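Number of protein chains: 2
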Amino acid sequence: MATIKEIAKKVGVSPSTVSRVISDDARISEETKKKVRKIMEELKYHPNAIARSLVSKSTKTIGIIMPYSADQAFMNPFFSEALRGIAKCTYNQGYCLLITNGVTKKEQINSVYSLVMGRRVDGIILMYSKENDPVLKELQNMDIPFCMIGRPVDNKNITYVDNDNIEAAYKATEYLIEKGHKSIALLNGSMNLTVSADRYEGYKKALEENNLSLNDELIVSVEFLQEDGYKGMKKILNSKIKPSAVIATDDLMAYGAMRAIGEIGYKIPEDISIIGFNNIPLSEFLFPPLTSVDINTYQIGASAAQLLLENVKGEVRANRKIVDTKIIYRKSVCEYKKS
Amino acid sequence: MATIKEIAKKVGVSPSTVSRVISDDARISEETKKKVRKIMEELKYHPNAIARSLVSKSTKTIGIIMPYSADQAFMNPFFSEALRGIAKCTYNQGYCLLITNGVTKKEQINSVYSLVMGRRVDGIILMYSKENDPVLKELQNMDIPFCMIGRPVDNKNITYVDNDNIEAAYKATEYLIEKGHKSIALLNGSMNLTVSADRYEGYKKALEENNLSLNDELIVSVEFLQEDGYKGMKKILNSKIKPSAVIATDDLMAYGAMRAIGEIGYKIPEDISIIGFNNIPLSEFLFPPLTSVDINTYQIGASAAQLLLENVKGEVRANRKIVDTKIIYRKSVCEYKKS
DNA sequence: TTGTAAGCGTTATCAT
DNA sequence: ATGATAACGCTTACAA
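Chains A and B, in that order, give the protein sequences. Count along the first sequence from 1, then add 68; that gives the number in the working numbering. Count along the second sequence from 1, then add 68; that gives the number in the working numbering.
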């Protein structure tokens with residue numbers, strides 16, 4: 069494995085000259101540059117990024133922090149889709165992605181430490197936002213650029229990308245109400261996530277504005293997984309009040325819900341209408357094709373990377389970005405019919 | 069940002085002593101250990117991984133090389149599922165994941181260089197296997213442990229994890245033949261991928277053993293994407309010979325194919341049966357639920373990481389692992405009926 | 001235009 | 001049980 073020194077010796081110049089050739093320093097004559105480059109090729113020289121990082125204090129890599137374990141998180145296409153956006157943006161600017169995680173809270177904190185304090189990354193993307201997050205607190209103390217996906221609980225100076233989730237849930241609920249539904253269930257994510265809290269807020273607002281009562285039995289909080297959507301929907305179906313429509317704040321949860329609904333012999337949308345969130349690419353292939361709120365996940369990822377990178381490079385423009393949402397109308401919602 | 073030197077100064081010992089405390093060296097007295105640890109806590113010391121890597125020549129990170137751009141690759145759940153398995157295994161053993169890519173061939177090679185020659189990773193997982201792959205060639209010259217997902221074209225001493233794809237495709241084809249199908253299309257991936265070549269092989273073998281003719285018009289090679297499955301199926305449907313069944317070597321492609329089939333008014337499985345590969349978790353929710361060959365993607369990822377890590381640590385046991393496959397019978401295949 | 005030397009934060013090899 | 005010193009491979013003042 070060739071080093072700068074070896075190149076230098078072979079060419080008959082000093083190591084610093086070789087270093088300067090690498091950075092194409094204007095002060096080095098074309099002649100020596102040529103000589104040096106020739107030998108570099110011959111010896112298949114490639115700079116040692118680690119050594120370089122040690123002095124430059126930059127690793128040209130961005131750390132990704134998943135909620136709970138990456139093992140579980142990757143089960144939801146939201147994360148791969150967001151990662152696609154992130155990857156696209158970072159690679160264009162010459163950055164790598166370093167992914168770590170940890171199952172327990174302590175492991176999570178530790179992995180953040182090893183990334184940040186270990187100086188392995190130039191910046192961090194936190195893939196979620198929840199209240200009282202110890203990871204976030206550490207990050208704020210650590211003096212490293214970071215960007216969150218999701219609105220911070222108190223957004224003092226935190227760079228983030230999000231949708232207007234209150235508005236999005238409001239519109240989704242309104243849509244159902246317009247279709248004549250009065251008993252609308254909410255299959256939501258964990259309430260300590262700001263995304264869940266916001267969607268609950270929008271749901272509530274729409275109900276209240278339409279003089280519909282908020283019913284606790286119709287509101288359930290589960291993880292963003294298919295299996296949890298199934299269980300959550302079961303619970304709703306076992307309540308005394310029967311909903312004629314349900315809002316799932318994630319398509320994956322909606323899939324589980326659809327299974328639960330089908331199992332008791334109900335038809336979608338005739339017996340129960342359902343609308344999802346996040347518009348997973350496969351939702352259009354379901355039976356029936358799932359109506360879903362598209363939150364532009366790819367764009368969220370790309371914007372998060374963009375904001376972060378500006379931050380890293382010190383060319384801060386904005387410190388937040390709100391990505392548009394749009395209901396994709398398919399076949400899982402219909403007019404309410406009395407039965 | 070505290071360093072070993074500062075700790076040393078503050079405690080009144082030498083840097084090497086601090087270093088020894090960190091590695092819990094038996095020769096350091098409990099007393100000094102305590103003193104040093106106290107100051108480390110106070111100053112919130114955390115070792116600089118970069119500096120450490122420079123001398124230890126190990127980064128405790130594994131590089132992931134995607135086929136073409138990660139941007140595109142992440143559109144197929146195969147990769148996130150494999151990554152899940154990889155993540156699980158690597159994190160358990162204290163390794164991070166570094167992902168890079170590049171769209172053009174040259175960019176790809178460059179990113180591999182920057183990972184390997186830049187000494188940023190201790191080992192590599194190549195997420196695909198194709199013939200005449202310049203990336204593979206470089207890797208072999210580079211003297212770094214790596215593991216491939218997919219059988220190498222000539223498997224001289226290359227560590228890899230794969231299914232028995234010939235067998236898997238053979239069984240899938242046999243299944244269709246048993247159901248009475250005689251005109252079976254193959255919607256395959258790019259033929260320079262060994263996975264595609266092997267599945268073609270199994271398909272061919274089953275046809276031949278049953279005295280069914282191989283028909284070029286019924287065989288199409290496209291990318292492992294939904295849109296490409298759609299286009300490929302269109303092409304097949306436009307051929308003179310009408311298939312009564314189709315094998316898609318990836319579920320995502322199958323989704324596209326199903327759309328193409330539906331568009332010309334054919335019903336699945338009555339008019340055309342279809343079987344996919346990879347058993348994407350969502351395939352059971354399609355209409356009709358897609359019969360698919362489950363290749364145990366998560367396990368493939370986990371095994372690849374396991375084999376690689378053994379290699380990295382020098383405790384090599386096996387250098388290949390074949391993961392089981394299994395047909396998951398659902399509703400997209402039925403008996404052939406003359407029409 | 002090029003060379004010398006210090007330094008990035010560690011670890012490892014000698015000494016003591 | 002602890003300290004000095006060199007080394008890892010590179011960059012960057014400062015000299016020349």
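Ideal placement from N, C-alpha and C gives every residue a C-beta, glycine not left out. Predicted model, so just to flag it, every value in this text is computed and none were measured.
CB of residue i within 7 Å of CB of residue j, strictly
i: residue 156(B); j: residue 139(A); result: yes
i: residue 145(B); j: residue 348(B); result: yes
i: residue 309(B); j: residue 285(B); result: yes
i: residue 337(B); j: residue 253(B); result: no
i: residue 148(A); j: residue 148(B); result: yes
i: residue 262(A); j: residue 197(A); result: yes
i: residue 462(A); j: residue 251(A); result: Beyond the ends of chain A as shown, which are 69 and 407, falls residue 462(A); an answer cannot be given.
i: residue 342(A); j: residue 322(A); result: yes
i: residue 238(B); j: residue 218(B); result: no
i: residue 388(B); j: residue 228(B); result: yes
i: residue 166(A); j: residue 119(B); result: no
i: residue 111(B); j: residue 76(B); result: no
i: residue 168(A); j: residue 151(A); result: no
i: residue 231(A); j: residue 104(A); result: no
i: residue 127(B); j: residue 236(B); result: no
i: residue 215(A); j: residue 193(A); result: yes
i: residue 404(A); j: residue 248(A); result: yes
i: residue 364(B); j: residue 318(B); result: no
i: residue 333(B); j: residue 298(B); result: no
i: residue 350(B); j: residue 400(B); result: no
i: residue 266(B); j: residue 233(B); result: yes
i: residue 282(A); j: residue 275(A); result: yes
i: residue 171(B); j: residue 137(B); result: yes
i: residue 377(B); j: residue 161(B); result: yes
i: residue 107(B); j: residue 73(B); result: no
DSSP beta-bridge partners of residue i
i: residue 261(B); result: 198(B)
i: residue 314(A); result: 253(A) and 342(A)
i: residue 172(B); result: DSSP output for residue 172(B) lists no bridge partner at all.
DSSP state of residue i mapped onto helix, strand, coil
i: residue 71(B); result: coil
i: residue 393(A); result: coil
i: residue 158(A); result: helix
i: residue 217(A); result: strand
i: residue 96(B); result: coil
i: residue 400(B); result: coil
i: residue 305(A); result: helix
i: residue 413(B); result: Residue coverage of chain B in this structure runs from 69 to 407, which leaves residue 413(B) outside it and unanswerable.
i: residue 192(B); result: strand
i: residue 287(A); result: strand
i: residue 165(B); result: strand
i: residue 91(A); result: coil
i: residue 153(A); result: helix
i: residue 319(B); result: helix
i: residue 406(A); result: coil
i: residue 108(B); result: helix
i: residue 181(A); result: helix
i: residue 83(A); result: helix
i: residue 207(B); result: helix
i: residue 418(B); result: What the structure shows of chain B is the stretch from 69 to 407, and residue 418(B) is not part of that stretch, so it cannot be assessed.
i: residue 282(A); result: coil
i: residue 118(A); result: helix
- request: Identify every run of the alpha helix (DSSP H) within the region 219 to 271 of chain A, keeping only runs that are complete inside it and at least 4 residues long; order them along the chain.
  value: 233 to 246
Cβ contact check for the region 171 to 189 of chain B and the region 113 to 131 of chain B: 3 or more pairs under 8 Å | By the Cβ test, the region 171 to 189 of chain B is in contact with the region 113 to 131 of chain B, since at least three Cβ pairs between them sit closer than 8 Å.
Contained beta strand (DSSP E) runs [length at least 3] in the region 321 to 393 of chain A, N- to C-terminal order: 341 to 345, 359 to 362 and 388 to 391
Ordered list of beta strand (DSSP E) runs contained in the region 120 to 149 of chain B, each at least 3 residues: The DSSP assignment places complete beta strand (DSSP E) segments of no fewer than 3 residues inside the region 120 to 149 of chain B at 129 to 133, in order along the chain.
**Request:** Specify whether the region 74 to 88 of chain A and the region 154 to 171 of chain B touch according to this definition: at least 3 beta carbon pairs, one from each stretch, less than 8 Å apart.
**Result:** no
ask   = Within the chosen definition, does the region 367 to 385 of chain A reach the region 201 to 210 of chain A through at least 3 CB pairs nearer than 8 Å?
value = no
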